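Residue numbers (this note's numbering), protein chains in the order written: chain S, 51 to 558; chain H, 16 to 213.
Ideal Cβ placement from N, Cα and C applies to all residues, glycine included.
These numbers come from a predicted model, not from an experiment.
These notes concern the structure reproduced below.
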Amino acid sequence: MPGWPRRVVQIGALAFLLAVPALNYGGVLYQQYGKNAYHTISLMGTGFERALYHLFSAAVGFLPDPAASSIAIAGGFGSFSLFGITFLDPVVALETLLRVPGAWASLLAGSALTLLIAALMGRVFCGWICPVNTILEGFDALRKRALPRLGFRPPDVAAPRWLKWALLFIGLAAALLADLALWAHLLPHVQIGRDVFSLMVFGGATLGAWIFAAIILAELLFSRRVWCRSLCPTGALLGGLGSFALVRVHKSVGACLADCAACARVCPMALNPAGAFSQAECVNCAVCVSSCPADLLHLLPACPQHAGLSEVSPVLKRTAVFILVLAGMLLTYSLVSAHHMRGQPHYGYTENYPQTPTKETRAHIGRFDVTVVSYFFEGLRRERSDTPDDVQFYISLANSKTHQSYTGPLAIELWREDRRIAAFDHAQPFEEAVYRFRQAVPGPGRYELRLAAGKVRGRVHVEVEGKPVSKTPYVIGGLAVLLAALFVLNRRRLRIGRRGNVDVVPGA
Amino acid sequence: MVSTLKRRAFLQMGAAFMGTAAFCLATGGRAIAQAAKRIRPFLRPPGALPEEEFLQRCIRCARCAQVCPNTAIRLKGFGSGLKHLNTPYLRPRDQACMLCMKCTQVCPTGALRPISVADETVRAEVRMGRAVVDKSMCYSYQKRTCGVCIRACPFPGVAMKTGLYEQPIVTDACVGCGLCERACIHIPQAIRIVPVEA
């Protein structure tokens, strides 16, 4: 079995992660701005929003009811819905079930398909779809070539495989005893979908990036796929269910080449596909199948000979690449050309009205809801402005118990790190219930307001921004991932080309 | 005081209290019932179960936020503790709920009960919170006719009535969508949503 179908699925899964939130948000903008609002969105939206709007219009706009279609596919790998069918991560579902037994019906309905796939096809999610594995496969090259060349040979410490079951049961115990959703917060493949969405819409990631960094570090410092082999509770559960999976790696009758351990060497899970191995640990990635120099291994349930597939595959592959490239060209074209469609001029609302105050910070101090409105640092263009470092703060305090605004005396101190920049004492609000002060600050960054309203004291962190946060890096990052994926596809082809003299490696 | 109460006086007081409560409930005085409702820490999306059960059922998958056409649903960060991490909430001053009920339909675990978009169902089943007017700030209560909130209200005349100078009077039918808070032209807003459990 050739390796490219798995690559296509992996790239599709990564693209899914990026495309679903992008299309969802595009759909949101489509509903907010309406049909064919290319001019309005170029005036009012950011560049990123404009791109998503065009993307959505190009991809979904031709359907009869685009707004309704925008929620047909939603979510990430923790939970997603596909035209009404729900998929749930079984670990998250199990945790929730232990916390709220009453929710069993919706949880079972959500995870039934996931469990069925696992029972029939084993850990196929891990090997073919899971973004952790896909990203770590990217790090395999680093591990195999780049790092040894630099003098660092990553070790392969065998951590016990039962550890993932222990982690799963710790999570379940936490759910049962402490009412905590441990793995719903920590599973990296669950986190990444939410993070991509958070990055796109709110401009900030949550925990996921750190968990991924830790996993990659562990990959380089402990062993290959230490997360998947010994730690991932979802892997444990899927593997346990798939112990008797129908789809698995078979070895045909026939003797291995003398001293050949090619399959065992490439196996990311450190199994020996030519001998006896536990199906619960195998991720069905079929890397071993394409590595076998004697063509003895097969993934499909009963398929000792597969001449038909290998003959068809080049045609299918070329067609798939052709469709991918065509779709890419169409999308790129619509993105680039859309704003020229009606000959609209290049200007935007934010460029013409830079003084718009937009930064609003909320905090709670004692019984007060505090709102701080600040104008951008260099709110006006620096070269034209008399006092470019001047920042105005508008502060209001509302009593959350009585829902009255505070109008008494207020002492304000402005701090940056451990340095006090300014202090103000206001006997009463500047107007109505708003306290105002303006102050030249050293630069954009994180500031602290220390407020004292009568006996109530507290601190509010305020971000003074120089420029609106750019979302461009994320778009470029997404494109880079797609490019990398195409590169991987291509590399695979090259390897097929030089197969005959590379793959038969005599044992050491 | 309590120790000097005689048994009979105590029983009389109890009976009087029960009678009052029964009277209030029977005459549709929902004020008591409203006051007894617990205030949530944050404004949750429509259809949210009572806070405790909501936090248990919510698997933090963020699908409600993903499909919200008004980008009103946000995700809580670390600021409010691990308990609320990644749970959905709204800040109506930034973006209010326009009651499309899409979030309730995509929730995989029923932490948000599915509610249909029909006006009557929304009015009957959605109780995200309740608008509270700060009369010391409201322009209309300063006799400067404003009326922006009632124009923003999805159920004008039902959830919010107006008095002289278009002074807003919030009724028990308020669903707590926050469109009035979003629209209020006073800075800071003179009308706020107090999140309550449905």
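Chain S within 8 Å of residue i, Cβ atoms only
{"i": "residue 161 (chain H)", "result": "no"}
{"i": "residue 125 (chain H)", "result": "yes"}
{"i": "residue 182 (chain H)", "result": "no"}
{"i": "residue 202 (chain H)", "result": "yes"}
{"i": "residue 147 (chain H)", "result": "yes"}
{"i": "residue 68 (chain H)", "result": "yes"}
{"i": "residue 119 (chain H)", "result": "no"}
{"i": "residue 59 (chain H)", "result": "no"}
{"i": "residue 55 (chain H)", "result": "no"}
{"i": "residue 39 (chain H)", "result": "Unreliable positioning characterises residue 39 (chain H) in this predicted model, as indicated by a pLDDT of 43, which lies under 50. A coordinate reading is not provided."}
{"i": "residue 78 (chain H)", "result": "yes"}
{"i": "residue 86 (chain H)", "result": "yes"}
{"i": "residue 50 (chain H)", "result": "Here residue 50 (chain H) scores only 47 on pLDDT, less than 50, and its place in the model should not be relied on; the value that follows carries that caveat. Output row for residue 50 (chain H): interface = no."}
Residue i versus the options, residue with shortest Cα-Cα distance
{"i": "residue 28 (chain S)", "options": "H:88, H:95, H:81, H:89", "result": "Past the edges of chain S, shown from 51 to 558, lies residue 28 (chain S), and the structure says nothing about it."}
{"i": "residue 239 (chain S)", "options": "S:282, S:289, S:324", "result": "S:282"}
{"i": "residue 208 (chain S)", "options": "S:245, S:278, S:221, S:446", "result": "S:278"}
{"i": "residue 214 (chain S)", "options": "S:244, S:259, S:251, S:285", "result": "S:285"}
{"i": "residue 3 (chain S)", "options": "S:321, S:311, S:462, S:417", "result": "Because chain S in this structure spans residues 51 to 558, residue 3 (chain S) falls outside the shown range and cannot be described."}
{"i": "residue 79 (chain H)", "options": "H:85, H:112, H:122, H:91", "result": "H:122"}
{"i": "residue 53 (chain S)", "options": "S:123, S:496, S:335", "result": "S:335"}
{"i": "residue 127 (chain S)", "options": "S:120, S:78, S:180", "result": "S:180"}
{"i": "residue 81 (chain S)", "options": "S:311, S:55, S:61, S:116", "result": "S:116"}
Distance cut-off 7 Å: residue i Cβ against heavy atoms of the ligand MG
{"i": "residue 103 (chain S)", "result": "For the structure depicted, the ligand MG is absent and the ligand set is empty, with no information on it obtainable."}
Beta carbon proximity, residue i to chain H, threshold 8 Å
{"i": "residue 115 (chain S)", "result": "no"}
{"i": "residue 160 (chain S)", "result": "yes"}
{"i": "residue 150 (chain S)", "result": "yes"}
{"i": "residue 74 (chain S)", "result": "yes"}
{"i": "residue 478 (chain S)", "result": "no"}
{"i": "residue 59 (chain S)", "result": "no"}
{"i": "residue 153 (chain S)", "result": "yes"}
{"i": "residue 453 (chain S)", "result": "yes"}
{"i": "residue 142 (chain S)", "result": "yes"}
{"i": "residue 400 (chain S)", "result": "Residue placement at residue 400 (chain S) is flagged as unreliable, the pLDDT there being 38, under the threshold of 50; the coordinate-derived value follows with that caveat. Not closer than 8 Å to any Cβ of chain H, the Cβ of residue 400 (chain S) fails to qualify, so no."}
{"i": "residue 128 (chain S)", "result": "yes"}
{"i": "residue 131 (chain S)", "result": "yes"}
{"i": "residue 442 (chain S)", "result": "no"}
{"i": "residue 71 (chain S)", "result": "yes"}
{"i": "residue 156 (chain S)", "result": "yes"}
{"i": "residue 421 (chain S)", "result": "yes"}
{"i": "residue 138 (chain S)", "result": "yes"}
Residues that residue i contacts on chain H, provided the C-beta gap is smaller than 7 Å
{"i": "residue 329 (chain S)", "result": "Under the 7 Å cutoff, chain H gives no residues; its nearest Cβ is about 29 Å from residue 329 (chain S)."}
{"i": "residue 483 (chain S)", "result": "152, 203"}
In DSSP terms, what residue i is bridged to
{"i": "residue 455 (chain S)", "result": "S:448"}
{"i": "residue 93 (chain S)", "result": "Its beta-bridge partners do not exist; DSSP assigns none."}
{"i": "residue 135 (chain S)", "result": "S:132"}
{"i": "residue 464 (chain S)", "result": "S:472, S:499"}
{"i": "residue 442 (chain S)", "result": "S:488"}
{"i": "residue 177 (chain H)", "result": "H:183"}
{"i": "residue 154 (chain H)", "result": "Paired residue(s): none; residue 154 (chain H) is not in a bridge."}
{"i": "residue 421 (chain S)", "result": "S:412, S:446"}
{"i": "residue 222 (chain H)", "result": "This structure leaves residue 222 (chain H) out entirely; chain H is present only between 16 and 213."}
{"i": "residue 171 (chain H)", "result": "H:175"}
{"i": "residue 209 (chain H)", "result": "H:145"}
{"i": "residue 89 (chain H)", "result": "H:104"}
Contact set between residue i and chain S, taken where Cβ atoms lie within less than 7 Å
{"i": "residue 155 (chain H)", "result": "Near residue 155 (chain H) there are no residues of chain S at all, since even the closest Cβ is about 14 Å away, more than 7 Å."}
{"i": "residue 82 (chain H)", "result": "74, 121, 124"}
{"i": "residue 136 (chain H)", "result": "Per Cβ cutoff of 7 Å: no residues; residue 136 (chain H) is ~18 Å from chain S at best."}
{"i": "residue 186 (chain H)", "result": "Here the premise fails: no neighbours, minimum Cβ distance about 17 Å."}
Contacts of residue i in chain S (Cβ-Cβ under 8 Å)
{"i": "residue 90 (chain H)", "result": "244, 248, 252, 256"}
Residue i: contacting residues in chain H (beta-carbon distance under 8 Å)
{"i": "residue 235 (chain S)", "result": "75, 97, 100, 101"}
{"i": "residue 293 (chain S)", "result": "In chain order: nothing, as chain H lies at least about 26 Å away."}
{"i": "residue 448 (chain S)", "result": "149, 203, 207"}
Chain-ordered chain S contacts of residue i [CB-CB under 9 Å]
{"i": "residue 71 (chain H)", "result": "146, 149, 150, 153, 229, 231"}
6 Å Cβ shell around residue i - same chain, five flanking residues per side excluded
{"i": "residue 116 (chain H)", "result": "130, 132"}
{"i": "residue 232 (chain S)", "result": "221, 224"}
Amino acids of chain H, ordered along the chain, whose beta-carbon sits closer than 9 Å to that of residue i
{"i": "residue 284 (chain S)", "result": "The contacting residues do not exist; residue 284 (chain S) stays about 13 Å from chain H at best."}
{"i": "residue 78 (chain S)", "result": "81, 82, 83, 84, 85, 86"}
{"i": "residue 81 (chain S)", "result": "84, 85, 115"}
Contacting residues, own chain, Cβ-Cβ under 7 Å from residue i (five flanking each side not counted)
{"i": "residue 90 (chain S)", "result": "83"}
Cut-off 8 Å between Cβ atoms - residues of its own chain near residue i, not counting five sequence neighbours on either side
{"i": "residue 186 (chain H)", "result": "173, 174, 175, 176"}
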